[in-house]
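Okay, so here's the structure we're looking at.
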Amino acid sequence: MKKIIGLVLSALIIVSCGKEKKTDSEQETLEVSGDKFTLEIEGIYEKDDSLIVFYENEGFFVHDKPTSVKVKGSPLNQKIIVDMPKNIFPSNFKLTVSTNKDQKNLLISNVTIKNGKLLIDGSNDKYSKLFATDESFSWDEKNSRFTLNHSNKYPPSFIGTKELIGLLATE
23 MKKIIGLVLS ALIIVSCGKE KKTDSEQETL EVSGDKFTLE IEGIYEKDDS LIVFYENEGF
83 FVHDKPTSVK VKGSPLNQKI IVDMPKNIFP SNFKLTVSTN KDQKNLLISN VTIKNGKLLI
143 DGSNDKYSKL FATDESFSWD EKNSRFTLNH SNKYPPSFIG TKELIGLLAT E
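Our numbering numbers the first residue of the sequence shown as 23 and each following residue consecutively.
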């Protein structure tokens with residue numbers, strides 16, 4: 023009887039040891055897919071709003087298929103995740119950061135772009151080298167935030183700089 027139990031235990035050990043187990047880091051790598059870009063935007067939106075992301079492909083911005091995210095107004099900093107469609111490999115991004123004409127001020131602290139192993143870190147205001155503002159923005163020195171002007175032809179937007187274009191090209 024002891025021999026049978028020993029054989030069963032040995033067989034179980036051999037079978038269970040033979041299976042390939044994934045480590046946590048391998049599972050994370052699988053979850054962060056290289057076929058989809060994700061933008062992480064952190065900021066303070068005092069009022070409900072929408073954020074719209076356009077991407078550039080072959081020298082032109084694709085305006086007919088934007089990715090839009092609703093933002094709930096809050097006096098606290100919040101992280102907004104924008105998942106771009108799969109198998110889109112942009113050469114640049116344009117972010118319409120506010121469509122709500124009642125949104126007078128905006129504080130953005132981070133715009134980070136991820137795609138598989140690619141990480142373009144825009145935290146701690148590094149995004150200001152990656153994105154330029156249009157004429158709808160002015161800087162409120164006293165309160166360290168943007169003042170938005172919604173009376174222009176287009177809503178307030180960020181557009182990727184040559185530095186961002188270069189980083190995306192290395193991807």
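In this text, a Cβ means the ideal position worked out from N, Cα and C, and glycines have one as well.
Rounded separation between residue i and residue j - CA only
i      : j      : result
Val104 : Asn132 : 13 Å
Ile102 : Gly95  : 12 Å
Ile63  : Ile135 : 9 Å
Glu68  : Gln125 : 7 Å
Pro88  : Ser166 : 30 Å
Gly65  : Ser150 : 13 Å
Asp156 : Lys123 : 16 Å
Asp46  : Lys58  : Because Asp46 sits at a pLDDT of 38, beneath the cut-off of 50, its placement in the model cannot be relied upon, and the following sentence gives the value as read from the coordinates. So the alpha carbons of these two residues sit roughly 21 Å apart.
Asn171 : Leu117 : 15 Å
Ser113 : Gly81  : 8 Å
Asp71  : Asn109 : 28 Å
Leu98  : Ile130 : 12 Å
Phe168 : Ser120 : 12 Å
Asn174 : Phe159 : 10 Å
Which listed residue (the options) has its alpha carbon closest to that of residue i
i      : options                          : result
Asp162 : Leu128, Ile74, Ile110 and Val119 : Leu128
Lys139 : Phe76, Leu189 and Leu73          : Leu189
Gly56  : Asn79, Met106 and Leu98          : Met106
Leu141 : Ala191, Leu98, His85 and Lys184  : Ala191
Per-residue DSSP class, three states only, for residue i
i      : result
Lys139 : coil
Ile187 : helix
Glu68  : coil
Lys108 : coil
Phe59  : coil
Asn79  : strand
Contact belief for residue i with residue j at Cβ below 8 Å, rounded distance in angstroms
i      : j      : result
Phe153 : Ile187 : Wrong, their Cβ atoms sit about 11 Å apart, outside the cutoff.
TODO: Kindly provide the ranges of any beta strand (DSSP E) runs that are 3 or more residues long and lie completely inside the segment 142 to 176, ordered along the chain.
DONE: 153 to 155, 159 to 162 and 167 to 170
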